[in-house]
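Position one of the sequence shown corresponds to residue 35 (the numbering used here), numbered consecutively onward. Beta carbons: idealized from backbone N, C-alpha and C, even for Gly. First comes the structure, then the notes that go with it.
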Amino acid sequence: MSEQADTRPASSFAILRRLLMDHGRRYGVAYFAALVFMCAGSAATALVAYLLKPVLNQMVEPEGLRAMRVLSFAVAGLFAVRGLASYFSQVLLARTGARIVAGLQMRLFDRLLDQDVAFLRDTHSSDMLARVTIAASGVRDTLQVMTTSVGRDAATLFCLIAVMFVQDTALALIAVAAMPLAGFGLSRLVSAVRKLSRRSFDGSARVMQTLQETLQGIGIVKAFNLENEMRARMGASVDDVARAADRAAMRMALASPIADFIAGVAIAIILFYGAWRVTVASADAGAFFSFVVAMLMAYEPGKRLARVHLEMQAGIDQARMIYEILDTPATEAPRSGQPALRVGAGRIEYMDVGFSYRPGEAALDDLSLVFAPGETTALVGVSGAGKSTIVALLLRFYKPQAGAIFIDAQDIAGVELRSLRENIAYVPQDVFLFRGTIRDNIALGRIGARQDEIELAARRANADEFIRDFRNGYDTEVGELGQNLSGGQKQRIAIARAMLKDAPILVLDEPTAALDSESEREVRKALDELRSGRTTIVIAHRLQTILSADSICLIDHGRLVAKGSHAELLSREPAYRALVEAQFAGEAG
């Protein structure tokens, strides 16, 4: 993860403490109420064990039937209290857990939106999906395990141990002495479980990655007969998760025989010694019976408490992964005091701009150029020349590592980011449509736009006619990634979205590059309408785009080689002439 505040892994205790601090303030009342109900249930459990002494003693008394009636009702009442307490505590924990997951998911989503493109480029989306879904749920489970252990199990164990000491102090000391031995044996498994839980999580992220890439690239998968390759990739990822889960389960399962062996030895000693005291030393049989029941009832919560650190390791590791994202500095978070960009004429100037994606490989090298206000400027050059980087820096997807970019004499690095992007309409070559209706996707150009404004933008983009040809018109679902629309239709929806935004600066990444001739004509009509009166930057891949531009910038190895009209560059720039002959000869002919 790039640019973290502190790359040192936090300890399990530090992670737990942070979880409690983060969620305790907001959900403390709910957790406290759940703890109260758990303690009530624990007290009821302990009282049942305590009442077994008079139950056993009254059974052998001549007048014991009346007392037994009262004791029977008391036991039934205590079980009812325990059941109700369990119900209310579980409901509170479930509701609180759901809110914690939702809150964490929103915090993660907010932090991802506040990151720049460089961060998101270096982070696979499947890893983010796993953190937002699996890890957030793991944090909830960890908090609930911690709460139930502290509340139900610890309180139950405490109350039952109290009953044991009340009934027989000597036997209670023997039982308590065995507990640290079980805890020590289980602690040896913690490190192995932590490593396996991380391996399982990484495998789950790879499963998501394979599924995501297969579904998004299903056309390529089918066309190249890659089904078996995708099955092999998915099988390897699934098997890795299964192996990690199996090994973790084996380590977790070791906890039971360790605890059972130690507890079995302790119980055997207690039973033998206690029976000897009752038969030889005339100890109270009812007290011994009550002690044994309390001890047996304390065994399960005691074993769960001994295992709690083991069971929480997966959730702690997942919480650590969530905090890796939350602790990453938000590179695009709003900054106070920055002025809003005010666009007048729309003059754009790059002054000695340098930028590299990787050290030693300059994408832009001391680039200086001016985009005249209200004119269309085409950027041409071979693939990798730096055209897309020029656009990316204008939108502040990345920051220049040297030089500066100005809009109407305002350094864009010093203006409010949101205001910068509000003044730029962007139509990419590969249009992205969100799941929803055509109306929804156009309306993203200006949130809250009226229906008549949406329809006007569609008409100006030459999209209204084909939209109305659909049975549901503007309410037609575009499908995932716009799969229900053709390439030309998607481009015109994107242009309508830019029309609705009505920004003074327009950036186009050759939106006609992949269209047939008829679709291209319709899109060009829409683009001519959209460019009117705006400062427009076009990454050009087609000759027609170049010919319609007011000026052309030839970019090579991140530098401005030449600038002028098509005729001027053709006559005086051999590099431009070679580019036209190589890339546009088919169109020219």
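Since residue i and residue j should fall inside the 8 Å C-beta cutoff, what is the C-beta to C-beta distance between them, to a whole number of angstroms?
i	j	result
Leu-375	Asn-457	6 Å
Ala-459	Lys-535	5 Å
Gln-463	Glu-544	5 Å
Ala-196	Ala-297	Going by Cβ atoms, the distance from Ala-196 to Ala-297 rounds to 19 Å, so no, they are not a contact pair.
Glu-499	Phe-440	Not quite, the Cβ-Cβ distance comes to about 41 Å (not below 8 Å), so this is no contact.
Arg-531	Ile-476	5 Å
Ser-120	Gln-246	Incorrect: roughly 41 Å between the Cβ atoms, too far for contact.
Asn-518	Glu-556	With 8 Å as the limit, Asn-518 and Glu-556 do not qualify as a contact, their Cβ atoms being about 18 Å apart.
Gly-185	Met-72	4 Å
Glu-304	Ala-209	In the sequence under discussion, the amino acid at residue 304 is Ile, which differs from the Glu named in the question. That pair is a contact at about 6 Å.
Ile-527	Ile-472	6 Å
Is residue i helix, strand or coil by DSSP?
i	result
Lys-337	helix
Ser-316	coil
Ile-296	helix
Thr-510	coil
Glu-237	Contrary to the premise, residue 237 reads as Gly rather than Glu in this sequence. Looking at Gly-237 - three-state DSSP - the assignment turns out to be helix.
Arg-381	coil
Tyr-61	helix
Leu-594	strand
Ser-271	helix
Ile-439	strand
Arg-568	coil
Gln-149	coil
Gly-388	strand
Phe-468	coil
Ala-447	helix
Glu-37	Reliability of the predicted coordinates at Glu-37 is poor, the pLDDT of 42 falling under 50, and the value obtained from them is presented with this limitation in mind. Glu-37: coil per DSSP, three-state reduction.
Ser-582	coil
Ile-529	helix
Glu-409	coil
Ser-402	strand
Tyr-432	coil
Glu-395	strand
Ala-48	helix
Is the beta carbon of residue i sitting closer than 7 Å to the one on residue j?
i	j	result
Ile-350	Ser-46	yes
Ala-560	Ile-529	yes
Val-255	Thr-244	no
Glu-366	Leu-451	yes
Ala-189	Phe-199	no
Val-414	Leu-564	no
Tyr-610	Ala-152	no
Gln-178	Gly-137	no
Val-237	Asp-294	According to the sequence provided, residue 237 is Gly. The question's Val does not apply to it. It is not a contact, given that the beta carbons lie outside the stated cut-off.
Gln-149	Val-166	no
Leu-69	Leu-112	no
Tyr-65	Thr-181	yes
Leu-53	Ala-353	yes
Val-135	Arg-174	yes
Pro-538	Val-425	no
Met-533	Arg-493	no
Leu-542	Val-465	no
Thr-569	Phe-405	yes
Arg-133	Ile-359	no
Gly-172	Arg-116	no
Asp-442	Arg-505	no
Phe-389	Gln-435	yes
Ala-596	Leu-603	yes
Leu-118	Pro-335	no
Check the Cβ-Cβ distances between residue i and every residue of chain B, and say whether any is below 7 Å.
i	result
Gly-378	You won't find chain B in this structure, because it holds only one protein chain.
Determine the burial state of residue i: buried for a count of at least 16 other Cβ atoms within 10 Å of its Cβ, exposed for fewer.
i	result
Gln-525	buried
Ser-36	In this prediction, Ser-36 has a pLDDT of 41, which is less than 50 and means its spatial position is unreliable; nothing more can be read from the coordinates.
Arg-240	buried
Met-55	exposed
Gln-38	In this predicted model, Gln-38 has a pLDDT of only 42, less than 50, meaning its place in the structure is not dependable; the value taken from the coordinates is given anyway. Under this definition Gln-38 is an exposed residue.
Met-242	buried
Glu-615	exposed
Phe-468	exposed
Arg-576	buried
Glu-263	exposed
Leu-330	exposed
Arg-338	buried
Ile-481	exposed
Pro-608	exposed
Ala-315	exposed
Gly-62	exposed
*Spell out a yes or no on whether the region 74-91 and the region 314-325 are touching, meaning 3 or more CB-CB pairs, one atom from each, closer than 8 Å.*
Touching, per the Cβ criterion.
_I'd like to know if the region 404-422 and the region 586-600 are in contact, where contact means that at least 3 CB-CB pairs between them fall below 8 Å._
Yes: the two stretches touch, three or more of their Cβ pairs being nearer than 8 Å.
_Inter-stretch contact at 8 Å, needing at least 3 Cβ pairs: the region 401-415 / the region 484-493_ = As far as the Cβ criterion goes, the region 401-415 does not touch the region 484-493, which means the pair count is below three.
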